[in-house]
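Peer 1: Taken in order, the sequence shown gives residues -22 to -1, 1 to 239; the numbers are from mature numbering (1 follows the signal peptide of the UniProt record, and there is no 0).
Cβ atoms here follow ideal geometry from the backbone N, Cα and C, with glycine treated the same way.
Nothing here was measured: the structure is a model prediction, and the numbers come from that model.
Structure provided below as structure tokens; questions to follow.
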Amino acid sequence: MRECGNLLWLLLCCSCWYTGSGFVVQEMIDCSFENNETATFHYSLTFNRMTVVAYDATRQKFTYCDPYPCIKQIYMVAAGIAKKLNNKPGIVTRMQQEKSKCQAQVKEFWENTMERRVQPSMKVFLPDIVHEGSIPHLVCHVWGFYPADIVVLWLLNDTILVKNYTNAVPVGDWTYQIVALLDMRGSLPENKYTCVVQHSSLQDPMTEDWSYGLTSNQIKKISIATVVFVLGLVTLIAGFVLWRNAKKSGYIPIPGYNEGN
């Protein structure tokens, strides 16, 4: 776009007609889209945020601002720039190439963002009751998934109990989260609850069970603590045995040696 860059200096000449604190000339190129099928390529020259020359991709030619709102001096310069650009076939060809590049980049961007699939993570827990008299709820927290469409089910002893219709909430990192609550009033100790997650990124539904008693995390912590305790106990016993054997290693003191020292 060397030719366009040189032509920008013509716009600066317009500043000689007016007094002011400053003038801004911009060359802007952007590629806008609403889906992966259609993309719109924009090219424009602006003077103090007013578009003076633009490329019409449909008509394949450069256009310039109307006499209104363009002031006379700007209008004359813009018309001259548009005429020179349209008379250079290489410039129009370059604009069409940029339009094709815009469409190709949109498809690649769309596949890597809007059409991507991210599997969710989940956790089921019963939070501590903070206020007396509050209703106990079993929580199924599902997070880190994309796209937003998701189904969360509660099963009671392998029977569908509740289907959650709450909309997923954006997290801010192009993923979503959802919290499904289950009223635990009237629940029985022998009941088994299961949270089921269905999402387009999963070949099979994700599930996590919960029942009264120790949670899986608590069981893991207890197991690790037990292993550490057993290892410590074995080390202590082995050290004690070695110490006892060292005292019986056959050492015989020389009579009177320790008495003189």
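Considering residue 1, what are the terminal residues of the alpha helix (DSSP H) in which it resides?
Peer 2: Premise fails: residue 1 is in no alpha helix (DSSP H) and is neither H nor E.
Peer 1: Of the choices 16, 37, 52, whose alpha-carbon is the least far from that of residue 27?
Peer 2: Among 16, 37, 52, the Cα nearest to that of residue 27 belongs to 52.
Peer 1: With a 10 Å radius around its C-beta and 16 neighbouring C-beta atoms as the bar for buried, classify residue 92 as buried or exposed.
Peer 2: By the neighbour-count rule (16 or more Cβ atoms within 10 Å), residue 92 is not buried but exposed.
Peer 1: Kindly confirm or deny that the segment 152 to 162 and the segment 178 to 187 touch, where touching means at least three C-beta pairs closer than 8 Å.
Peer 2: No contact exists between the segment 152 to 162 and the segment 178 to 187.
Peer 1: What separation, rounded to the nearest whole angstrom, lies between the Cα atoms of residue 107 and residue 12?
Peer 2: So the two alpha carbons sit approximately 47 Å from each other.
Peer 1: Which runs of the beta strand (DSSP E) fall wholly inside the segment 50 to 119 and span at least 3 residues, in chain order?
Peer 2: Here the runs fully enclosed are 99 to 103.
Peer 1: Does the separation of the CB atoms of residue 19 and residue 77 fall below 8 Å?
Peer 2: Against a cut-off of 8 Å, the Cβ pair of residue 77 and residue 19 comes out as a contact.
Peer 1: Can the beta-carbon of residue 115 be found less than 8 Å from the beta-carbon of residue 159?
Peer 2: In this structure, residue 159 lies closer than 8 Å to residue 115 by Cβ.
Peer 1: Could you check how far apart the C-beta atoms of residue 87 and residue 64 are, in whole angstroms? I think they sit under 8 Å.
Peer 2: Not really, about 31 Å apart at Cβ, beyond 8 Å.
Peer 1: Look at the alpha carbon of residue -18 and the alpha carbon of residue 129, and state the distance between them as a whole number of angstroms.
Peer 2: Annotation note: pLDDT 49 at residue -18 (below 50); position unreliable, no value reported.
Peer 1: By alpha-carbon positions, which one of 203, 211, 170 ends up nearest to residue 136?
Peer 2: When only C-alpha atoms are compared, the closest one is 170.
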